[in-house]
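*Asks:* Residue numbers (the UniProt record's numbering): 1 to 1262.
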């Protein structure tokens, strides 16, 4: 396997802190695996590395790759035994997510922080319900205490968060927001208490540190963009100065620029007071366009073309004035005294909010501990508390030779603190790509990566290694991505400069020239530029609905897919097969920024017979089958809810129509709808309003009676708290599960219903009970936008995949469509809410003057708002980067604009850029991915040609702005395709009804299969491997020891076949005849079970340290005391452990003495798994299938070329019995399996020993 120079460095360099900046497609996982493998080949052990991944799937993949790499290396390895040992260790090695590692730390060291280890992890929905319950209790207590408090301070505090509805929802949101931010930090308390510092001021606002360090630099940056625009307007004014109207307008533009420059200078004057700056800004007002110094505004006298030339200048000027007005409102509404008042009040409010949040934090944790549940935040905080113990940190640092972190760019401050305590001074290896940090909503902090990217090259104990080569994407895609991001991503917007080593290098040189090379922008125009939307489209009778922006771009994308599947010259390169072929549907993936359009995609693609599978079950709760079920569950809980009840009766479950519902309503028009139903059922033949249709009355009567019977039975199940049984009974009784199976995408719909059932099963294992709480539980999932994760139908392999961009991270696809690329990048939620929080900028809150009913804005809130918006913009840049780098071969950005003018207005701003990187203010004017791509591509030398062609396709002309072309550093091809409703429907009408992929792989379906003529052979079919369905797939070694005992042990017994019958209808697994005595029975009888003593003895033998020779009795007593303190052994059991016999074993017994002498090769508690032929376990078994046998070997060690296998036994031996005979009879079969397991691992067949502690005798098995 060939590695690049930088990859080789990442594999071999060590003994320093290493940060690997690995671009998309650079093979970072392969490098990480190879690095570990080379360390193992050098003699290190896999369990001496801490390898942290971001997801469980990534951890599982890492283990699989490592195992495969180790197995592949064994035949050529010098020390095969060492690598075989690594295969055994890999399942217990620390390769996991940080949450899983935190769990392991708590399990191992919980006693150091006095934490009860008996807990379970709570899911998000249950956690939120507990959180709300605790919050409500805390709020009620606060209100109760406030009733007797002087001045009612808590009531005044709550008024700061009152909404128009006068509820406490905004206060709850504020508390939860603050809590969530604080819990992602290691310094939770310190950070919370520091939040009010920004609101302290004893001087003019312009002289405060907050203004000078935070606000002023941002205002200067804003002015820079406005000044540039104003100057550009002067420089590019139309050359029509022969008219007075034009001269006046040019003079206005020059005055605009001068006024803005004056404000810019004032802002940079450090001696200016805030009120001086404010007055100048408030006076900043543009003159009426066209007025002269005398206040007159003469009109244009020449033809209309001159007036039209000035029209866009006028529009841009209006936009600038709006931006200035918005800026005034944001920072200059209040004078210095008003700001001081607002800051004082807001600071007091924030201090109270912090205190209340801390009370909530304490109460929430206390309640979770009472319920014996923890969430992921708790795991991390307890883990940090553990590693902050110096003794624990030292032990972990001594154990782990290196701390490896994958996807380091997604680490947060709390996780960094945990890892820093475990790592040594020069043994961290962190891999990631700051350009792919897209989990800010989980408090990921990409600046951790960025700071080390800058600092490590300056330190001798650290190093940055950059992996630039993209081995995934063909060069056309790589160069396309580079051209865009070199213009739009820098440290100010994106947290990294996209230049130099940050750029991708096209490393995939294996793609043949013949394959398609597409990097296209597909744009649907909602308003036709030429002609009417109602223009007749040939053959469009079946498609006469109008397309809006959402459905239009989906139809455009579907058209492109159908064209690809029809085009015989469109081929892709199959990387696994190593050859070109026609694409299949499974080669295509649709990535979406949000899941709002998923149902639209399903509808459009379903109508066009395009197979599509949604990954991640997006919009689960919006599907018909689930919404109906949720309505029915709400009715069962409380039928006096009109909307859910009407929805259920109107649904296919009961099939009433709107006229039927109206007739029911007439029976009782005063009460709720359920009372109207009850009135009907109680009226019999004497309905108050019977109507004129007897057939309708009979139908409604039947349906309502069936509904009432169902509701009574469903309520009975609900009162028994059997939610799972209730849901399944609904499925069976109504046939709902079968019904939805017959709808379009039926398999997916059935999978959704099964997911609801499984979620109910999960709920019943939670700390909540009852149908009402289950409904709240599901509604909480819905409100959090968290869909159920089990609804995967897996209906087809050849299907187009649809997933969010976040879900696609780490994946790759031959053909990628980025749908809804004109989606608003920065959500309005970034600037909404009772408080705004940012990890770096702090917390922004306004002040409500309740006495005067005024809301006073604070500059702190505005600053945090702008910081959040800039951060969200930067993150969306990285999301776009992730989306584009998923493409292996062909890439399409799909979006929609209302008109060409709308598109032009944004794209052509890039013409004002004078360097590779577009100015910040221009990039911030982009509101979507398509805007950014369009801005960048407009500067390409071929842009004019491409856009002329695209505009002509919709009957328009493109007017290229004045700009200097920006040649690409590496050539690439791209195109822009525009369609409106008329051209799109015309193209759709010309397409064949259905397209079949011309792919030789499709021939896997056997087209020559002979039709079945005799159905008896199907109906009477007998499965030839019936025995396999009754045989177990795995087996504990202790359960089948009789099968492997020595043959001579059967002497004196009747010879019989101990194997199970493969035809047995009942039992198919060997099991012990007796079960362990439950702990509660042991307590009741006040005695210690022999099995407990045996387990404790084994634990002492496992933990005793032999590296310094045979242990003394004092050593053993110290160890036993530690095990009791750690709660590994109960105190009552510890008293029964015979330490003298253990001490005698190591000091006076030949087996123990030999073990001590060869402690360097000693392996204890060795887990193993072994595949045995099923025929060895089952009589008359036909076939060569195998059964997995698993167990744990007490231990073995090497004596020269021999291996000594041993097993301790604490069985009681009666006085008249021989220990050798008894234990050999009982355990020889078990030891024989252990011996086979060692042989399977590459060791020689061992000498086998049993040791009886009761008889103090070593027994060698011959």
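No residue lacks a Cβ here, since even glycine has one placed at the ideal position from N, Cα and C.
If you're wondering where the values come from, they're calculated on a predicted model, not measured in any experiment.
With distances taken from CA atoms, which of 1259, 967, 848 and 2 is nearest residue 1151?
*Replies:* Against the chain shown, residue 1151 aligns to sequence position 1151. The shortest Cα separation from residue 1151 among 1259, 967, 848 and 2 belongs to 1259.
*Asks:* Bridge partners for residue 1204 per DSSP, in chain order?
*Replies:* Here the question's residue 1204 lines up with position 1204 in the chain shown. Residue 1204 pairs with 1197 and 1247.
*Asks:* Taking the alpha-carbon positions, what's the residue 756 to residue 367 distance?
*Replies:* Sequence index remark: in the chain shown, residue 756 carries index 756 (1-based). Sequence index remark: in the chain shown, residue 367 carries index 367 (1-based). Between residue 756 and residue 367, the C-alpha separation is close to 28 Å.
*Asks:* Is residue 1247 closer than 8 Å to residue 1188 when the C-beta atoms are compared?
*Replies:* Walking along the chain shown from the start, residue 1188 turns up at place 1188. Walking along the chain shown from the start, residue 1247 turns up at place 1247. No.
*Asks:* Do residue 299 and residue 230 come within 8 Å of each other at the CB atom, strictly closer than that value?
*Replies:* Position 230 of the chain shown, counted from the start, is the residue given in the question as residue 230. Position 299 of the chain shown, counted from the start, is the residue given in the question as residue 299. Contact: no.
*Asks:* Since I believe residue 431 is in contact with residue 28 (beta carbons under 8 Å), could you give me their beta-carbon distance rounded to a whole number of angstroms?
*Replies:* Residue mapping note: residue 28 aligns to position 28 of the chain shown, counting from 1. Residue mapping note: residue 431 aligns to position 431 of the chain shown, counting from 1. Indeed, because the Cβ distance is near 5 Å, the residues count as touching under 8 Å.
*Asks:* Residue 635 to residue 206, Cα distance in whole Å?
*Replies:* Locating residue 635 in the chain shown gives position 635, counting from the first residue. Locating residue 206 in the chain shown gives position 206, counting from the first residue. So the alpha carbons of these two residues sit roughly 60 Å apart.
*Asks:* Hey, residue 401 and residue 862 are a contact pair by Cβ (cut 8 Å); roughly how many whole angstroms apart?
*Replies:* Looking up residue 401 in the chain shown gives position 401. Looking up residue 862 in the chain shown gives position 862. Actually they do not touch by this definition, with Cβ atoms about 50 Å apart.
*Asks:* What residue range does the alpha helix (DSSP H) around residue 944 cover?
*Replies:* As a working note, residue 944 is residue 944 in the chain shown. 943–952 is the extent of the alpha helix (DSSP H) around residue 944.
*Asks:* Is residue 15 buried or exposed, if buried means 16 or more other CB atoms sit within 10 Å of its CB?
*Replies:* Sequence index remark: in the chain shown, residue 15 carries index 15 (1-based). That one is exposed.
*Asks:* Pick helix, strand or coil for residue 720, following the three-state DSSP scheme.
*Replies:* Within the chain shown, numbered from 1, the residue matching residue 720 stands at position 720. Note: residue 720 maps to coil in three-state DSSP.
*Asks:* Taking 6 Å as the limit between beta carbons, can you name the residues of its chain near residue 644, skipping five residues before and five after?
*Replies:* Sequence index remark: in the chain shown, residue 644 carries index 644 (1-based). Only 631, 634 and 635 meet the Cβ criterion.
*Asks:* Answer yes or no: do residue 922 and residue 909 have a C-beta to C-beta separation smaller than 8 Å?
*Replies:* By one-based count along the chain shown, residue 922 stands at place 922. By one-based count along the chain shown, residue 909 stands at place 909. Contact: yes.
*Asks:* What runs of the beta strand (DSSP E), each 3 residues or longer, lie entirely inside the segment 9–74?
*Replies:* If we require 3 residues or more, the beta strand (DSSP E) runs fully inside the segment 9–74 come out as 17–22 and 49–53.
*Asks:* Rank 1026, 1099, 1141 and 1203 by C-alpha distance to the C-alpha of residue 1124 and give the top, closest one.
*Replies:* Locating residue 1124 in the chain shown gives position 1124, counting from the first residue. Checked all of 1026, 1099, 1141 and 1203; the closest Cα to residue 1124 is 1099.
*Asks:* What is the DSSP secondary structure of residue 530, counted as helix, strand or coil?
*Replies:* Stepping through the chain shown from its first residue, residue 530 is reached at position 530. In this prediction, residue 530 scores a pLDDT of 45, lower than 50, which makes its location untrustworthy; no coordinate-derived value is stated.
*Asks:* Starting from residue 762, trace the alpha helix (DSSP H) in both directions and tell me its first and last residue.
*Replies:* Walking along the chain shown from the start, residue 762 turns up at place 762. Residues 746–764.
*Asks:* For residue 1256, which option in 1226, 1231 and 1211 has the closest C-alpha, if you only look at C-alpha atoms?
*Replies:* As a first step, residue 1256 is located in the chain shown; it is residue number 1256 there, counting from the start. Ranking 1226, 1231 and 1211 by Cα distance to residue 1256 puts 1211 first.
*Asks:* Starting from residue 1115, follow the alpha helix (DSSP H) in both directions and report where the run begins and ends.
*Replies:* In the chain shown, residue 1115 corresponds to position 1115, counting from 1. That run of the alpha helix (DSSP H) goes 1113–1125.
*Asks:* Is it the case that the Cβ atoms of residue 753 and residue 615 are separated by a distance below 8 Å?
*Replies:* Along the chain shown, read from residue 1 onward, the residue named residue 753 stands at position 753. Along the chain shown, read from residue 1 onward, the residue named residue 615 stands at position 615. Not a contact, by the Cβ cut-off of 8 Å.
*Asks:* To the nearest angstrom, how far is the alpha carbon of residue 95 from that of residue 152?
*Replies:* Looking up residue 95 in the chain shown gives position 95. Looking up residue 152 in the chain shown gives position 152. Rounded to the nearest angstrom, the two C-alpha atoms are 54 Å apart.
*Asks:* Excluding five sequence neighbours on each side, which residues of the same chain lie with their C-beta closer than 6 Å to the C-beta of residue 1145?
*Replies:* Counting from 1 along the chain shown, the entry for residue 1145 is found at position 1145. Cβ within range, chain order: 1152.
*Asks:* Once DSSP output is grouped into helix, strand and coil, what is the label at residue 3?
*Replies:* Translated into the one-based positions of the chain shown, residue 3 becomes position 3. In the structure shown, residue 3 sits in coil (DSSP, three-state: anything other than H, G, I, E or B).
*Asks:* Please list, in chain order, all residues of the same chain as residue 676 whose beta carbon is under 7 Å from its beta carbon, the five residues on each side excluded.
*Replies:* Within the chain shown, the letter at position 676 stands for residue 676. Excluding sequence neighbours, residue 676 sits near 664, 665, 667 and 668.
*Asks:* Which residue from 322, 378, 12 and 1104 puts its Cα closest to that of residue 119?
*Replies:* For the purposes of this step, residue 119 is taken as the residue at position 119 of the chain shown. Closest option to residue 119, Cα to Cα, is 378.
*Asks:* Output the distance between the C-alpha atoms of residue 52 and residue 429, rounded to the nearest integer angstrom.
*Replies:* Within the chain shown, residue 52 is the residue found at index 52, counting from 1. Within the chain shown, residue 429 is the residue found at index 429, counting from 1. About 10 Å.
*Asks:* Could you tell me which of 639, 480, 110 and 318 sits nearest to residue 389, measuring between CA atoms?
*Replies:* Here residue 389 refers to the residue found at position 389 when the chain shown is read from its first residue. The candidate whose alpha carbon is nearest that of residue 389 is 110.
*Asks:* Where does residue 436 land, buried or exposed, given buried means 16+ other C-beta within 10 angstroms?
*Replies:* Within the chain shown, residue 436 is the residue found at index 436, counting from 1. With 16 or more Cβ atoms within 10 Å of its Cβ, residue 436 is classed as buried.
*Asks:* Indicate the three-state DSSP secondary structure (helix, strand or coil) for residue 524 in the structure shown.
*Replies:* Your numbering for residue 524 matches position 524 in the chain shown. Three-state result, residue 524: strand.
*Asks:* CB-CB under 7 Å to residue 261, same chain, minus the five flanking residues each way: which ones, in chain order?
*Replies:* As a working note, residue 261 is residue 261 in the chain shown. Within the same chain, residue 261 has close Cβ partners 227.
*Asks:* The alpha helix (DSSP H) spanning residue 887 covers which residue range?
*Replies:* Sequence index remark: in the chain shown, residue 887 carries index 887 (1-based). Not the alpha helix (DSSP H): residue 887 falls in the beta strand (DSSP E), residues 887–897.
*Asks:* Which residue marks the beginning of the alpha helix (DSSP H) containing residue 560, and which one marks its end?
*Replies:* As a first step, residue 560 is located in the chain shown; it is residue number 560 there, counting from the start. Per DSSP, residue 560 belongs to the alpha helix (DSSP H) from 549–566.
*Asks:* Can you give me the Cβ contacts of residue 145 inside the same chain, cut-off strictly under 8 Å, excluding the 5 residues immediately before and after it?
*Replies:* As a working mapping, residue 145 is identified with position 145 in the chain shown. The residues are 154.
*Asks:* Starting from residue 422, trace the alpha helix (DSSP H) both ways and give me its first and last residue.
*Replies:* Your numbering for residue 422 matches position 422 in the chain shown. Residues 413–422.
*Asks:* Between 1203, 393, 843 and 966, which has its C-alpha nearest residue 177's C-alpha?
*Replies:* By 1-based counting over the chain shown, the position of residue 177 is 177. It is 843.
*Asks:* Nearest to residue 468 by CA position, among 502, 454 and 494, is which residue?
*Replies:* Start at 1 with the first residue of the chain shown, and residue 468 comes out as number 468. Residue 502 is the option with its Cα nearest to residue 468.
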